[in-house]
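Residue numbers (my numbering), protein chains in the order written: chain W, 481 to 674; chain R, -9 to 244.
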């Protein structure tokens, strides 16, 4: 996740102090991603060095320093918002690996492995859903984060369902002979018969 | 497979609103018989929402129709509020259906010629409750679902989300104990579907027991427990989840 850009976004609303930025960052993301003060000041220092943000006053340091976004910072923020994250190459997913491996370990019931993961995922989803009933009702930032997490977990359960069905089907279907390219003359003969 | 693994569950008949014990359902005759349910145990307490998840043909809907006394099991027992359905006279069973059980269907099933309040009060009126009393209970149910201001509207004047709220009001009206829902969010979008689940869960928090059949994991996640069905058997269950605060402990999720 890009902490520098989120800080720039908060500064785009107006000049702010470091501590204030941390509070607003956490509040805006439903307090799901905690951020420590050190990380905030380190990031602000880097933004300042790169000319994306500037602080008023020179001698003062630490919590007394107020930061504001620069025109270059605004450009960087606008560009970041529209840059699509790299989703092209599949991540090496641990769960996918486990299912692939379980399918070939002798004496292992891959469906049981899948079910164990499914139950765990649902329990996680149930916990996230409880947030929708409580805190997330009045906290838009948290509601959005909870939705994102639920959709992500939902996608994993769907993959497990698909894997489950595919593996069952593969187990009951007779092994298909290796595909042989259809001999051309036979195709011709079929065509001729019609 | 007879190990007492994911299929078994502890049941306490005293507090169960719904109890299924070793329920089998077979359609047709051997050799072409279809085994829809193969020995299901399920117990749902007052105040609890249980979601039943499973692929098509897993027996989800059969389980619901048997729980709602609309079909009889081939083998096994069904108890509603501690009363066994087997051998119950037809009249009593029908009364139980009207007074104790509420149904929510995928396509809402509201009667187009009746207003929202008439739809909501219908089960009570069918049960012989005097019209003013039934309407008062209907209005209370509409209020609980936030659609009291639509009381005089006809279904075709309402949005999909409102229609489903009326349907839920009809399912909880009066003093119902058991709510049975089959894909209750129908074709609603995810935000509206969520709202439907929230309302059903709130009905449970007011003391009803509910069984919700769905194939949507996000909707099932509203339940207090999720039961997984495949080929008519329970293949797993979630535990009652811990509170959400465990998610918000800093550093716990990465």
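For each residue, glycine too, the CB sits at the ideal point set by N, CA and C.
Task: Rounded C-alpha distance that separates residue 495 (chain W) from residue 535 (chain W) - done: Just so you know, the alpha carbons of residue 495 (chain W) and residue 535 (chain W) end up roughly 9 Å apart.
Task: Whole-Å CB distance - residue 527 (chain W) paired with residue 488 (chain W), under 8 Å assumed - done: Contact holds; Cβ gap of about 7 Å.
Task: Partner residues on chain R for residue 641 (chain W), Cβ-Cβ distance less than 8 Å - done: Ordered by position in chain R, the residues that pass the 8 Å Cβ test against residue 641 (chain W) are 45.
- [ ] Mark residue 184 (chain R) as exposed unless 16 or more other C-beta atoms lie within 10 angstroms of its C-beta, in which case mark it buried.
- [x] Buried.
TODO: With distances taken Cα to Cα, identify the nearest neighbour of residue 104 (chain R) among R:6, R:92 and R:147.
DONE: The shortest Cα separation from residue 104 (chain R) among R:6, R:92 and R:147 belongs to R:147.
Task: Three or more C-beta pairs below 8 Å linking the region 121 to 128 of chain R and the region 99 to 113 of chain R - done: They touch, by the three-pair rule.
Open item on the list: Please return the same chain residues whose Cβ sits closer than 8 Å to the Cβ of residue 498 (chain W), not counting the five positions on each side in sequence.
Closed with: Same-chain partners within the cutoff: 517, 520, 521, 524, 542, 543, 545 and 547.
Open item on the list: Any beta carbon from chain R within less than 8 Å of residue 574 (chain W)'s own beta carbon?
Closed with: The beta carbon of residue 574 (chain W) sits no closer than 8 Å to any beta carbon of chain R.
TODO: Tell me the start and end of each unbroken alpha helix (DSSP H) in the region 497 to 529 of chain W that is at least 4 residues and wholly inside, in chain order.
DONE: Along the region 497 to 529 of chain W, the alpha helix (DSSP H) occurs as fully enclosed runs of 4 or more residues at 498 to 508 and 517 to 529, listed in sequence order.
Open item on the list: So residue 188 (chain R) contacts chain W; which residues on that side make the cut at Cβ distance below 8 Å?
Closed with: Per Cβ cutoff of 8 Å: 612 and 613.
Open item on the list: Here's the rule I'm using: 16 or more other beta-carbon atoms within 10 Å means buried, otherwise exposed. How should residue 584 (chain W) be labelled?
Closed with: Exposed.
Task: Assumed close pair residue 26 (chain R), residue 226 (chain R) - CB separation to whole angstroms, cut-off 8 Å - done: Between residue 226 (chain R) and residue 26 (chain R) the Cβ distance is about 19 Å, and since that is not below 8 Å, they are no contact.
Open item on the list: Is there a C-beta anywhere in chain W that falls below 8 Å from the one on residue 226 (chain R)?
Closed with: Chain W contact via Cβ: present.
Task: Outcome for residue 15 (chain R) when other beta-carbon atoms lying within 10 angstroms are tallied against a minimum of 16 - done: Answer is buried; the Cβ neighbour count reaches 16.
Open item on the list: Mapping the DSSP letters down to three states, classify residue 73 (chain R) as helix, strand or coil.
Closed with: Note: residue 73 (chain R) maps to strand in three-state DSSP.
- [ ] Could you confirm whether any beta carbon from chain R is found closer than 8 Å to the beta carbon of residue 499 (chain W)?
- [x] Not one chain R Cβ lies under 8 Å of residue 499 (chain W).
- [ ] In angstroms with no decimal places, state the Cα-to-Cα distance between residue 68 (chain R) and residue 8 (chain R).
- [x] Counting only the Cα atoms, residue 8 (chain R) lies some 7 Å from residue 68 (chain R).
TODO: Check the Cβ of residue 599 (chain W) against every Cβ in chain R and list those closer than 9 Å, keeping chain order.
DONE: Listed along chain R, the residues sitting closer than 9 Å to residue 599 (chain W) by beta-carbon distance are -4, 216, 218, 226, 227, 228 and 229.
Open item on the list: Please report the straight-line C-alpha distance between residue 87 (chain R) and residue 194 (chain R), rounded to a whole angstrom.
Closed with: Straight-line Cα distance between these residues: approximately 18 Å.
Task: Interface residues of chain W facing residue 212 (chain R) [CB-CB closer than 7 Å] - done: Within chain W, the residues near residue 212 (chain R) are 609.
Open item on the list: Residues of chain R with CB closer than 8 Å to the CB of residue 630 (chain W), please, in chain order.
Closed with: Residues of chain R whose Cβ lies closer than 8 Å to the Cβ of residue 630 (chain W) are, in chain order, 208 and 211.
TODO: On the DSSP bridge assignment, give the partners of residue 93 (chain R) in chain order.
DONE: Residue pairing by DSSP places residue 93 (chain R) opposite R:170 in a beta bridge.
TODO: Could you check which residue in R:29, R:99, R:187 and R:200 has the C-alpha nearest to that of residue 212 (chain R)?
DONE: That would be R:187, whose Cα lies nearest to the Cα of residue 212 (chain R).
Open item on the list: Only counting the same chain, and skipping five residues up and downstream in sequence, which positions put a Cβ closer than 8 Å to that of residue 153 (chain R)?
Closed with: Taking C-beta separations shorter than 8 Å and ignoring five residues to either side along the sequence, the partners of residue 153 (chain R) in its chain run 98, 100 and 145, following chain order.
Task: residue 170 (chain R) and residue 54 (chain R) closer than 8 Å at C-beta - done: With a cutoff of 8 Å on beta-carbon distance, residue 170 (chain R) and residue 54 (chain R) are scored as near each other.
TODO: Give every residue of the same chain whose Cβ lies closer than 7 Å to the Cβ of residue 594 (chain W), excluding the five residues on either side of it in the sequence, and list them in chain order.
DONE: Exclusion of the five residues before and after residue 594 (chain W) leaves 579, 640, 643 and 644 as the residues of its chain whose Cβ lies within less than 7 Å of its Cβ.
TODO: Can you give me the start and stop residues for the beta strand (DSSP E) that residue 6 (chain R) sits inside?
DONE: Per DSSP, residue 6 (chain R) is one residue of the beta strand (DSSP E) stretching across 6 to 17.
- [ ] Return the residue from the list W:634, W:505 and W:483 that minimises the CA-CA distance to residue 621 (chain W).
- [x] Of all alpha-carbon atoms in W:634, W:505 and W:483, the one lying nearest the alpha-carbon of residue 621 (chain W) is that of W:505.
Task: Coarse secondary structure for residue 135 (chain R), derived from DSSP in three states - done: Coil.
TODO: Return no unless some Cβ of chain W is closer than 8 Å to the Cβ of residue 6 (chain R).
DONE: By this cut-off, residue 6 (chain R) is not an interface position.
Task: Limits of the unbroken alpha helix (DSSP H) element including residue 602 (chain W) - done: From DSSP, the alpha helix (DSSP H) with residue 602 (chain W) extends over 590 to 613.
TODO: Label residue 564 (chain W) either buried or exposed according to how many other C-beta atoms from any shown protein chain fall within 10 Å of its C-beta, with 16 as the threshold for buried.
DONE: Its Cβ having fewer than 16 others within 10 Å, residue 564 (chain W) is exposed.
- [ ] List the residues of chain R that residue 634 (chain W) touches, going by C-beta distances under 7 Å, in chain order.
- [x] Simply 207 and 208.
TODO: With DSSP as the reference, please indicate the residues paired to residue 35 (chain R) in a beta bridge.
DONE: For residue 35 (chain R), the pairing in a beta bridge is given by DSSP as R:6.
Open item on the list: For residue 551 (chain W), tell me which candidate among W:568, W:566, W:531 and W:567 has the shortest Cα-Cα distance.
Closed with: The option with the nearest alpha carbon to residue 551 (chain W) is W:531.
Open item on the list: Quick check: is the beta carbon of residue 652 (chain W) nearer than 8 Å to any beta carbon in chain R?
Closed with: So, not an interface residue.
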